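Structure record follows, encoded as structure tokens.
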Ligand code: HMG
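Numbering (the numbering used here), first residue to last: 5 to 384.
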């Protein structure tokens, strides 16, 4: 049975900051951000565009025009949830008025949380436990390190929603073929009650590369090293994907095998759980017609750490399916803001009332409230 990703949709904050402008404001050579890290633009979320709102907007898009009655599972992968107990998934389930009979939960392990959801959904369907039903997996996060920190140029925000089905129109996952690697390390973490992450930046790069070596070897052993046309990596910043690729394969293959998956990431920044899938969406948007029936590799890394290298077979219907995500329009609908405005937005604690689609509007009786604001037709 083929099981995997049938549809993808993304939701982004409506504002972004230009990385050359940010570098200039910090007194740093812009080439460090653009060439050294590979970043062009960085998404900036206002408090109304929280993890729930971004996830709900992405799910609304992925379900547009689809029958919801055959949905059996909703999983949200996130490391920037809005409550210690109530999952983001339950807000999304309510906002989208999804069937009562669904299994609904969050998965957390830093940036790996989304892949935990993808694997749970694929294995649920492949095992037969889903009884022919489909699953939605959403990766939704807001990456924050703080103004003026070394991590600042590697922030971002966004959500990627995926419909997981039998006979998928985008890519079938090679279930059981994954290589995995984990270790108890303090490379990146966020103590309870803290908005910004703590990170041992250079050590985190080393942890990522060590995990990749082991996970890739595990995948090769299980699959006999199937031929890969492209590889998508977890992208905390685009240069990381280059370092990763050159760590396991000849550097000369980077431009062909990896660079096409980075265009979208370079314009959004790190979206934690969704970064790998943002890379996949960007790759397919650019090259799906060439990749039909070809196998691609995917590497998911979550600090702390755990990781998984897996592969997927691109469907001949992928081009048609990715066109429905209208990625170019979603990007083009954003507004560029100044560094001063970015600083005002990230310091804000209450919604600014400018978010479109589903938006967080504040709390009443300690319960978070959301509304759905109208947005322009082309971003629906
Ligand atoms: P830094 O120390 O400020 O930067 O922070 P650097 O000095 O290492 O320079 C970065 C690159 O720019 C280097 O390239 C420089 O040479 C180059 P490299 O040598 O590495 O190839 N450079 C220049 N290039 C051109 N012109 C110039 C110039 N100057 C320097 N003038 C760091 C970098 C990534 C450490 C920092 O941004 C950070 O801490 N980021 C957050 C942590 C992170 O993203 N870690 C990635 C691995 S862990 C991970 O992926 C998990 C994560 O997503 C979280 C989760 O799982 O939840 C983060």
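Cβ coordinates follow ideal geometry from the N, Cα and C atoms, glycine included.
It should be emphasised that the depicted structure is a prediction, and the values quoted were computed from it without experimental measurement.
- Message: Please determine whether the Cβ atom of residue 242 lies at a distance below 6 Å from any heavy atom of the ligand HMG.
- Response: If you number the chain shown from 1, residue 242 lands on position 238. Checking every heavy atom of the ligand HMG against the Cβ of residue 242, none is found closer than 6 Å.
- Provide the residue span of the alpha helix (DSSP H) that contains residue 22, from first to last. Within the chain shown, residue 22 is the residue found at index 18, counting from 1. No alpha helix (DSSP H) contains residue 22, which is instead part of the beta strand (DSSP E) from 19-22.
- Helix, strand or coil for residue 377 per DSSP? As a first step, residue 377 must be located in the chain shown, where it is residue number 373. Of the three classes helix, strand and coil, the one that applies to residue 377 here is strand, per DSSP.
- Query: Secondary structure at residue 77, three-state DSSP: helix, strand or coil?
  - Reply: Stepping through the chain shown from its first residue, residue 77 is reached at position 73. Three-state result, residue 77: strand.
- From what residue to what residue does the alpha helix (DSSP H) around residue 65 run? Sequence index remark: in the chain shown, residue 65 carries index 61 (1-based). Its alpha helix (DSSP H) spans residues 55-67.
- Query: Should residue 189 be listed as close to the ligand HMG, given that the test is whether its C-beta is under 6 Å from any heavy atom?
  - Reply: The residue given as residue 189 occupies position 185 in the chain shown. Outside the cutoff, so no.
- Message: Pairs of beta-carbons, one from the stretch 44-57 and one from the stretch 346-361, closer than 8 Å: are there three or more?
- Response: yes
- CA nearest to the CA of residue 182, picked from 314, 73 and 366: In the chain shown, the residue the question calls residue 182 occupies position 178. The residue with the shortest Cα to Cα distance from residue 182 is 314.
- Query: Around the Cβ of residue 159, are there at least 16 other Cβ atoms within 10 angstroms (buried) or fewer (exposed)?
  - Reply: For the purposes of this step, residue 159 is taken as residue 155 along the chain shown, with counting starting at 1. Buried, because 16 or more other Cβ atoms sit within 10 Å of the Cβ of residue 159.
- Closer than 6 Å: is that where the CB of residue 212 sits relative to any heavy atom of the ligand HMG? As a working mapping, residue 212 is identified with position 208 in the chain shown. Placement of the Cβ of residue 212 at a distance of less than 6 Å from at least one heavy atom of the ligand HMG is found.
- Message: Can you check which of these residues, 179, 61 and 307, is closest to residue 9 by C-alpha distance?
- Response: Working through the chain shown from its first residue, we reach residue 9 at position 5. Comparing Cα positions, the closest option is 179.
- Task: Please confirm whether any heavy atom of the ligand HMG lies closer than 6 Å to the CB of residue 4.
- Result: This structure gives no information on residue 4, because the portion of the chain shown stretches from 5 to 384.
- residue 202 to residue 167, Cα distance in whole Å? Walking along the chain shown from the start, residue 202 turns up at place 198. Walking along the chain shown from the start, residue 167 turns up at place 163. For the pair residue 202 and residue 167, the Cα-to-Cα distance works out to about 33 Å.
- Indicate the three-state DSSP secondary structure (helix, strand or coil) for residue 258 in the structure shown. Within the chain shown, residue 258 is the residue found at index 254, counting from 1. Three-state result, residue 258: helix.
- Query: How many Å lie between residue 247 and residue 73 at the Cα?
  - Reply: For this step, residue 247 is matched to residue 243 along the chain shown. For this step, residue 73 is matched to residue 69 along the chain shown. Answer to the nearest angstrom: the Cα atoms are 44 Å apart.
- Straight-line gap, residue 66 to residue 137 (C-alpha atoms, nearest Å): If you number the chain shown from 1, residue 66 lands on position 62. If you number the chain shown from 1, residue 137 lands on position 133. Using only the alpha carbons, I get a separation of about 16 Å.
- Message: In the DSSP output, which residue or residues are listed as bridge partners for residue 313?
- Response: Locating residue 313 in the chain shown gives position 309, where the first residue counts as 1. Partner(s): 183 and 303.
- Message: In chain order, what are the residue ranges of uninterrupted beta strand (DSSP E) at least 3 long that sit wholly in the stretch 167-245?
- Response: The stretch 167-245 contains, as complete beta strand (DSSP E) runs of 3+ residues, the segments 175-177, 183-186 and 234-237 (chain order).
- Output yes or no for whether 7 Å exceeds the beta carbon distance between residue 23 and residue 44. Residue numbering aside, residue 23 sits at position 19 when the chain shown is read from its first letter. Residue numbering aside, residue 44 sits at position 40 when the chain shown is read from its first letter. Result yes, Cβ atoms of residue 23 and residue 44 sit closer than 7 Å.
- Task: Identify which residue in 371, 375 and 335 has its Cα closest to the Cα of residue 88.
- Result: For this step, residue 88 is matched to residue 84 along the chain shown. Of the listed residues, the one whose Cα sits closest to residue 88 is 371.
- Task: Rank 49, 27, 289 and 316 by C-alpha distance to the C-alpha of residue 40 and give the top, closest one.
- Result: In the chain shown, the residue the question calls residue 40 occupies position 36. Nearest of 49, 27, 289 and 316 to residue 40, Cα basis: 27.
- Task: Report the option in 333, 140, 157 and 7 whose CA atom is closest to the CA atom of residue 34.
- Result: As a working note, residue 34 is residue 30 in the chain shown. Of 333, 140, 157 and 7, the residue nearest in Cα terms is 157.
- Item | Cβ pair count under 8 Å reaching 3, the stretch 264-276 against the stretch 323-330 | no
- Message: On the DSSP letters alone, give me the boundaries of the alpha helix (DSSP H) that residue 435 sits inside.
- Response: Examination of residue 435 is not possible in this model, given that the chain is present from 5 through 384 alone.
- Query: By a C-beta neighbour count over all protein chains shown, 10 Å radius and 16 as the cutoff for buried, is residue 381 buried or exposed?
  - Reply: Residue mapping note: residue 381 aligns to position 377 of the chain shown, counting from 1. No answer about residue 381 holds up, because its pLDDT of 42 lies below 50 and its placement is not dependable.
- Query: In whole angstroms, what separates the C-alpha of residue 115 from that of residue 146?
  - Reply: Translated into positions along the chain shown, residue 115 becomes position 111. Translated into positions along the chain shown, residue 146 becomes position 142. Residue 115 and residue 146: Cα-Cα distance of roughly 11 Å.
- Three-state secondary structure (DSSP) at residue 291? On the chain shown, position 287 is the one that residue 291 refers to. Correct three-state label for residue 291: helix.
- Query: If you run the structure through DSSP and keep just helix, strand and coil, what is residue 273?
  - Reply: Counted from its first residue, the chain shown places residue 273 at position 269. In the structure shown, residue 273 adopts coil according to DSSP, grouped into three states.
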